[in-house]
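Line by line, the protein sequences give chains H and Y.
Position one of the first sequence corresponds to residue 53 (the numbering used here), numbered consecutively onward.
Position one of the second sequence corresponds to residue -14 (the numbering used here), numbered consecutively onward.
For every residue, glycine included, the Cβ atom is placed at its ideal position computed from N, Cα and C.
Computed from a predicted model, the values in this text were never measured in an experiment.
Inspection log for the structure reproduced underneath, given as structure tokens.
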Amino acid sequence: MTLHHQTGGPARARAPKWLDRLAPYGFIAPFVVSFALFFAIPSIVSIGLSFTRYSGYGPVEWVGLRNYRSLLDSPNFHQSVLNTLFYWLVPLVPMLGGAFLLAMVVRSKLTRWGRIYKPLLFIPQVMAPVAAGLVWRVILSGNGVVNSVFGLDVNWLGDPDAMKWGVVLLLVWRGLGWYFVVFLAGLTSIPNDLLEAAEMDGTTAWQRVRHVVLPLMRPIVLFALVIDTIASLQLFTEPNLLVGGAGSTTGAPPSAAPVMNQIITNISGGQFGLAAAVGWLMFIAIAVFSVVQFRLFREER
Amino acid sequence: MTPPPSRLRHTLRGVLAFSACAVLAASALTACGSDDEGAGGGNVELTLQVWGDTKYAEDQFKVYQEQYPDQSKGQTMKVLSAGKTDTDSINKFRLELSSGKDIPDILQLNYSWVPEFAEAGVLSDVKTLADPFLPNVSQAAQRLMQYDGKYVAFPYEVKSKLWYYRKDLFQQAGIDITQVKTQADFVAAGQKLKAKFPKSNVWNLGTNPATYDWQMIAAGNGAKYATKSPCAFVVGTDPGTAQAFKAIKDLRNSGVVETKIDDWTPEWQTALADGTIASTLNASWFPAFLTQYAPDLKGKWGVTTWPEIGGAVGGSESAGSVFVIPAKSKHKKEAAEFLGRTLMDAKGTKAFAKIGGYVPNVIALQDDPELTNHPYFGTELSTAFKAADKDYKVFAFDPAANKEQVALSNAMTKYLTSNDAEPTTYLKAAQDELTAQVGCPFKS
């Protein structure tokens, strides 16, 4: 008895063998074609572009490694790299640590109204980065909420030493809700039985977190770290909107400009080769950091 | 009932034949359309690329149609906004040049971009096309049309340097604005103002001053960032640039300038309205913002020409904005006629200026009572504008202007936050970086 007779479905002619073989390729073709057209081919072209001087039209001049050398020698490039590392590393602990703690609290029996806290904490993430940047410009202005509430006289938007901290505040505020949801999802996957068994064994809350929750959350923490690293190294909107000024032609000042500004200003200035070189340096940095993180956090077999 | 195979084939053949005919007919019609555009007397669709709102350009064409029905007969205009900023428009234009497709007939530009495209040879020489209108416009407008001695643009907005000040506060402090002629006078006026109003300042210069603040000084003192022959950056040793940088730092240290407030911050808007910033050295576009920030101070703000700051007599703010006709434009003659009539001819310019609210470049209109009475400044604005026209100068922009602006902004911030009195170290660093990254600035 054939299957369609068993299932009661109508009898169908079997598709030709070649069609069976080709069908899966047909299904993935739209992705493969668009990936090749809009990502792979432009990426390969941009490698070539990074060894040239090209203004977007007209002749292309081969300059070898000059673009890379000039960037690696540039004090402004060094400064923007340091700024980007600052925006990555400084908010890392308060943002991921804070999100983890909040997720633990909401998941625990201590909190009654978890359903209220979840959307409340996620709201900043829903807000468009541009809107958030503009709102925080007002909050951090001389007479803004932060200075008024804490009785400070900090020039968050103009003082080169303070402006980066203003950006960090914005990043933590925006990122907290996102990582909170990520960690909460991870915590939900930990069986209650396991935690209850540990509790019955007489473990303290800290011991349960240290020896049960954290090891099981390892893949989630790795995911959060990699996502945060990529997002931080590609950071652009927040610092430029917060300390760049609406009428600024150059975005954030050098003391606060992220490395992405090097790409944007080079494209604006018709230096496509330099912009491509910055892009590839960023790609290498992201790849290196991601590999290191995977190595450090990979699960022991 | 299904048709027999032969009938099905016949039906399919019919459908295919019909489709082929339809495609051919559509192609023929399209071709007819493009032929019409190419012919002189037929329908012409001009394309104009701007950034931001398309309203003013659309109004400009409406004025052209109303005032010059014969010249505009059979013409329509498609106004395209390429993005929010002029940089968006430039990036789009570069793509258009690269592909050779969709190149607009007219492109709006800030003058600082003109050298790049003029050096690359992608702009039309408009001397012959603009010749009939040239005697109508001011010297400043004529200067704005040129790059390297060639006429490559039509003048839209001449951006003059203007000094805005609180008339009421200056008067109470006993400051005679006509006697403020040098940087020392300016500081002295600030001290007088502070004696009477301790919280008031004569300018605001934060640690990240807007590029135009020092660029306006550099535009008037003969500064240059690069030379064409030999093709090299010279900003590291350029005395004009150093003088402009030093003037900014000296003024910040003078005690009469607000040093915590940068332009375009929320504090700036408040300070302009509450007297903390009682005067500002700015440009002719500033009234559009001041009237929004301090609407209640109508009649209390005055305007005049700049004193000599950093050795600068006259100058401009980025020269101004212009319209250019790309060399590959399909309708150069029609585009030039439209621009000439609405920007350089008294009848069209007056009608457009009344809608657009900008200061016209046509000499005959500079005293026209219908255009000179500004709702906020009265006649003072046009008087100051005319006075600034006399010393109007265009900065020696080169094709690497955008890159220079970024490098020098960085240098300025580092210089202002340092203890160094001279900016030489920072300017040399900027020159080294520009040389390493750009090489010859005049090579596209």
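- The DSSP-derived three-state label of Glu302/Y is coil.
- In this structure Lys245/Y is not in contact with Gly196/H, their Cβ atoms being roughly 13 Å apart against a cut-off of 8 Å.
- Taking a beta-carbon distance threshold of 8 Å, Arg270/H does not count as an interface residue toward chain Y.
- The beta carbons of Trp36/Y and Gln124/Y sit no closer together than 8 Å.
- Among the bridge pairs identified by DSSP, Ile99/H is matched with none.
- Taking the C-beta atoms as reference points, Gly296/Y is found no nearer than 8 Å to Asn238/Y.
- Residues of chain Y whose Cβ lies closer than 8 Å to the Cβ of Pro127/H are, in chain order, Ala414 and Glu418.
- In its chain, beyond the 5 residues on either side, Leu209, Met215, Ala304 and Ala308 have a beta carbon closer than 6 Å to the beta carbon of Val295/H.
- Legend: CB atoms of the segment 328 to 343 of chain H lying less than 8 Å from CB atoms of chain Y are not found in any residue.
- Using a Cβ-Cβ cut-off of 8 Å, Asn189/Y is close to nothing in chain H; its nearest Cβ partner there is about 10 Å away.
- Comparing alpha-carbon positions, the option among Thr250/Y, Asp376/Y and Val288/Y lying closest to Val190/H turns out to be Thr250/Y.
- The Cβ-Cβ distance between Gln314/H and Ser132/H falls below 8 Å.
- With a beta-carbon spacing of about 11 Å, Ile91/Y and Leu328/Y fall beyond the 8 Å limit used to define contacts.
- Residues of chain H with a Cβ closer than 9 Å to the Cβ of Ala105/Y are, in chain order, Ser107, Tyr109 and Gly110.
- Scanning the segment 108 to 137 of chain H from its first residue to its last, the whole alpha helix (DSSP H) runs of 4-plus residues come out as 118 to 125.
- Identification of residues in the segment 229 to 259 of chain Y having a C-beta nearer than 8 Å to some C-beta of chain H yields Lys245, Ile246, Asp247, Asp248, Trp249, Thr250, Pro251, Glu252 and Thr255, given in sequence order.
- In the structure shown, Glu418/Y adopts helical secondary structure according to DSSP, grouped into three states.
- Judged by their CB atoms, Thr289/H and Gly218/H are not nearer to each other than the 8 Å cut-off.
- Looking only at Ser314/Y, Thr290/Y and Pro120/Y, the smallest Cα-Cα distance to Thr167/Y is reached by Thr290/Y.
- A Cβ-Cβ separation of about 22 Å leaves Ser394/Y out of contact with Ser269/Y under the 8 Å criterion.
- Within chain H, the residues placing a beta-carbon under 8 Å from that of Thr192/Y are Gly210, Asp211, Pro212 and Pro305, ordered along the chain.
- For the pair Val122/Y and Tyr377/Y, the CB atoms are not nearer than the 8 Å cut-off.
- By a beta-carbon distance limit of 8 Å, Val220/H contacts Pro143/H. Their separation comes to about 5 Å.
- Runs of the alpha helix (DSSP H) lying entirely within the segment 231 to 270 of chain H and spanning at least 4 residues, in chain order: 244 to 252 and 257 to 260.
- In the displayed model, Pro176/H falls within a helix according to three-state DSSP.
- For the set Pro408/Y, Phe46/Y, Gln390/Y and Ala396/Y, the Cα lying nearest the Cα of Gln200/Y is the one of Gln390/Y.
- Close partners of Thr402/Y in chain H (Cβ separation under 8 Å): Pro212 and Ser307.
- Following the DSSP letters along the chain, one finds Ile191/H inside the alpha helix (DSSP H) bounded by residues Pro181 to Ile191.
- The beta-carbon separation of Thr276/Y and Tyr210/Y, rounded to 34 Å, does not stay under the 8 Å limit for a contact.
- In terms of Cβ geometry, Tyr49/Y and Val307/Y do not form a close pair [threshold 8 Å].
- Asn207/H reaches chain Y at Lys245, counting residues in chain order whose Cβ is nearer than 7 Å.
- By a beta-carbon distance limit of 8 Å, Asp247/Y does not contact Pro292/Y. Their separation comes to about 22 Å.
- Within the model, the alpha-carbon separation for Asp55/Y versus Glu322/Y is close to 11 Å.
- Thr196/Y counts as buried, since no fewer than 16 other beta carbons sit within 10 angstroms of its beta carbon.
- Within 10 angstroms of the beta-carbon of Thr256/H lie fewer than 16 other beta-carbons, which makes it exposed.
- Residues of the segment 77 to 99 of chain Y with a Cβ closer than 8 Å to any Cβ of chain H, in chain order: Arg79, Leu80, Leu82 and Ser83.
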